[in-house]
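Just so you know, the sequences run in chain order A and B. Those letters in the first sequence? Residues 1 to 177, per the working numbering, in order. Those letters in the second sequence? Residues 1001 to 1232, per the working numbering, in order. Beta carbons: idealized from backbone N, C-alpha and C, even for Gly. Every value quoted in this text rests on a predicted model; they were computed, and no experiment measured them. One structure is given below, encoded as structure tokens.
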Amino acid sequence: MSTRHILLGLLAQGPSHGYDLKRRHDERFPQARPLAYGQVYTTLQRLVRDGLAEVDGTGSDGGPERTAYRSTAEGARELAHWAGEIAPPAPFVTNEIFAKVVVSILSGGDPEAYLRAQRAAHMERMRELTALKTAKGADLATVLSADYALNHLDADLRWMATTAARLTTLTAEVDTA
Amino acid sequence: MSDIGGTAAPLLAARDLAKAHGRTRALDGASADLAAGEILAVTGTSGSGKSTLLHCLAGIVRPDEGTVTYAGERLDELPEKRLSELRRTEFGVVFQFGQLIPELTAVDNVGLPLLLAGAGRAEARQRAGEWLERFGVRGQAELRPGALSGGQAQRVALARALVTGPRIVFADEPTGALDSLASEQVMTALVGTARESGAAVVLITHDAQVAAYADREIRLTDGTVARAGVTA
Chain A
1 MSTRHILLGL
11 LAQGPSHGYD
21 LKRRHDERFP
31 QARPLAYGQV
41 YTTLQRLVRD
51 GLAEVDGTGS
61 DGGPERTAYR
71 STAEGARELA
81 HWAGEIAPPA
91 PFVTNEIFAK
101 VVVSILSGGD
111 PEAYLRAQRA
121 AHMERMRELT
131 ALKTAKGADL
141 ATVLSADYAL
151 NHLDADLRWM
161 ATTAARLTTL
171 TAEVDTA
Chain B
1001 MSDIGGTAAP
1011 LLAARDLAKA
1021 HGRTRALDGA
1031 SADLAAGEIL
1041 AVTGTSGSGK
1051 STLLHCLAGI
1061 VRPDEGTVTY
1071 AGERLDELPE
1081 KRLSELRRTE
1091 FGVVFQFGQL
1101 IPELTAVDNV
1111 GLPLLLAGAG
1121 RAEARQRAGE
1131 WLERFGVRGQ
1141 AELRPGALSG
1151 GQAQRVALAR
1161 ALVTGPRIVF
1171 ADEPTGALDS
1181 LASEQVMTAL
1191 VGTARESGAA
1201 VVLITHDAQV
1211 AAYADREIRL
1221 TDGTVARAGV
1231 TA
């Protein structure tokens, strides 16, 4: 994920300082890993270095002094370009679940048992996400992020069901490879 | 294999059910428990026996072998008259296609179980209207099923299933014919009203996103419960 473009997107709403950007990021992407402050400040400095953002001013508002940043015209162009650019659809198939199934077959493990246990864990997470998005007062960001995660977990489950059904064939193929 | 767990006596308990349709064994030793107020998803691939299990649990079909006990009564042994009474008063059923009566308006479809239970027409219409309101389809009360969208028709069917205050709602692929947003509305309405009224739900689905609305999942494979409790 491109932190610099997400920060540029947040700056598109107007000048903001690092602390505020971190808070708004975590609000807008509620199921994402929270941004570290250090990462926010490093990214802002790089945006300034590359001419995509600039310092808007400093103020303290009674607290510690904070530097506010704003996007430049070049930053707005870069953001629009990135937002419209097609993301490569699954260029590499590297996934931990997939890898574990293959390794389990290679090492004479029990991939079926693993798939059953993984399915149970996926379902548990899907129940949590469903409860989160259907809770009264859930905001749009929460609903969208839960939908995104649910659809991806659902895709994993479908792959896992197909794989469980294929296991006999797959085991024979890996064994003779 | 079975899904037997917990310590409190279940509201509904099936033990070692077997049922054949001709030479096909749809159920082959399936067991399941349902606690009062619990929402249980029954999942599995096509032909795994999900619908047959639901039909046995709801007393629509008698198993060839095994027992189904509801609140102390053996459904598999009850005379048809008592089964029919239970289905009318204690159970609500919803299918993939709501099976609303096409000649009746939405409000009259929902009021029908109340009329059958002896309520007057005015009372039935009023209570049916309240249930349509809870499912967000009050505005469609005077429309016939043919004029409703798929999601609206399913919400009317759910209102009809819940209007008599059943202790268990049996829902067989209730969102099977709906797109994802309509499916979400139907599931939110079903789960929300079941929780409010304390009704338990047996939810048959092949869709993991629908199963995720339930408290627990049991998974059928070849007519038996895949693994005891592990899917919960």
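- Put simply, the stretch 1176–1195 of chain B does not touch the stretch 1013–1021 of chain B. Fewer than three CB pairs are less than 8 Å apart.
- When the beta-carbon positions are compared, alanine 1159 of chain B and alanine 1171 of chain B stay at least 9 Å from each other.
- Chain order gives the chain A residues near alanine 1212 of chain B as Met123, Met126, Arg127, Leu129, Thr130, Leu150, where near means a beta carbon separation below 8 Å.
- With respect to glycine 1049 of chain B, leucine 1203 of chain B sits apart: the two C-beta atoms are not nearer than 9 Å.
- Serine 1084 of chain B: member of the alpha helix (DSSP H) spanning 1080–1089, first to last residue.
- For arginine 158 of chain A, a Cβ of chain B is located within less than 9 Å of the residue's own Cβ.
- Listed along chain B is no residue with a C-beta nearer than 8 Å to that of aspartate 139 of chain A; the closest approach is about 16 Å.
- By the Cβ neighbour-count rule, proline 1102 of chain B is exposed, with fewer than 16 other Cβ atoms within 10 Å of its own.
- One thing to note: glutamine 1209 of chain B has its Cβ within 9 Å of the Cβ of leucine 150 of chain A.
- Three or more beta-carbon pairs separated by less than 8 Å link the stretch 1101–1117 of chain B to the stretch 1130–1150 of chain B, which places the two stretches in contact.
- Taking C-beta separations shorter than 7 Å and ignoring five residues to either side along the sequence, the partners of phenylalanine 1097 of chain B in its chain run Ala1177, following chain order.
- Rounded to whole angstroms, the separation of the alpha carbons of leucine 1011 of chain B and tyrosine 1070 of chain B is 6 Å.
- Membership of histidine 1021 of chain B in the beta strand (DSSP E) is indicated by the continuous run 1012–1021.
- 9 Å or more divides the Cβ of threonine 130 of chain A from the Cβ of proline 30 of chain A.
- None of the residues of the stretch 12–44 of chain A has a beta carbon lying less than 7 Å from any beta carbon of chain B.
- Neighbours of aspartate 154 of chain A across chain B, judged by C-beta separation under 9 Å: Asp1207, Ala1208, Gln1209, Ala1212.
- Neighbours of threonine 1188 of chain B in chain A, taken as residues at a C-beta separation under 9 Å, are given in chain order as Thr134.
- The beta carbon of threonine 1164 of chain B lies closer than 8 Å to those of Arg1088, Thr1089, Gly1092, Pro1113, Leu1114, Ala1117 in the same chain, with the five residues before and after it left out.
- A direct Cα-Cα distance of roughly 7 Å separates arginine 127 of chain A from alanine 1214 of chain B.
- For glutamate 1217 of chain B, the chain A residues whose C-beta falls within less than 8 Å of its own C-beta are Met123, listed in chain order.
- In the DSSP assignment, tyrosine 19 of chain A is bridged to no other residue.
- At least 9 Å separates the CB of alanine 53 of chain A from every CB of chain B.
- With a threshold of 9 Å between beta carbons, glutamate 1133 of chain B makes no contact with chain A.
- With respect to the 9 Å criterion, alanine 146 of chain A and alanine 138 of chain A are classified as neighbours on the basis of their beta carbons.
- A direct Cα-Cα distance of roughly 56 Å separates threonine 1043 of chain B from valine 55 of chain A.
- At least one C-beta of chain A is nearer than 9 Å to the C-beta of valine 1191 of chain B.
- Interface flag for glutamate 1184 of chain B against chain A is set, since a Cβ pair is found closer than 9 Å.
- Within the stretch 35–84 of chain A, the complete alpha helix (DSSP H) runs of at least 4 residues fall at 37–49, 73–84.
- Leucine 1104 of chain B sits in coil when the DSSP states are folded into three classes, being neither helix nor strand.
- When DSSP states are grouped into helix, strand and coil, threonine 1221 of chain B belongs to the strand group.
- Taking the C-beta atoms as reference points, alanine 1030 of chain B is found nearer than 9 Å to leucine 1053 of chain B.
- Nearest to leucine 1181 of chain B by alpha-carbon distance, out of B:Ala1200, B:Gln1154, B:Ala1194, is B:Gln1154.
- Within 10 angstroms of the beta-carbon of threonine 58 of chain A lie fewer than 16 other beta-carbons, which makes it exposed.
- In the assembly as shown, tyrosine 148 of chain A is an exposed residue. Its beta-carbon has fewer than 16 other beta-carbons within 10 Å.
- Each residue's CA atom was taken as its position, placing leucine 1100 of chain B and glycine 1150 of chain B some 11 Å apart.
- Residue contact with chain A for alanine 1013 of chain B: absent (no Cβ-Cβ distance below 9 Å to any residue of chain A).
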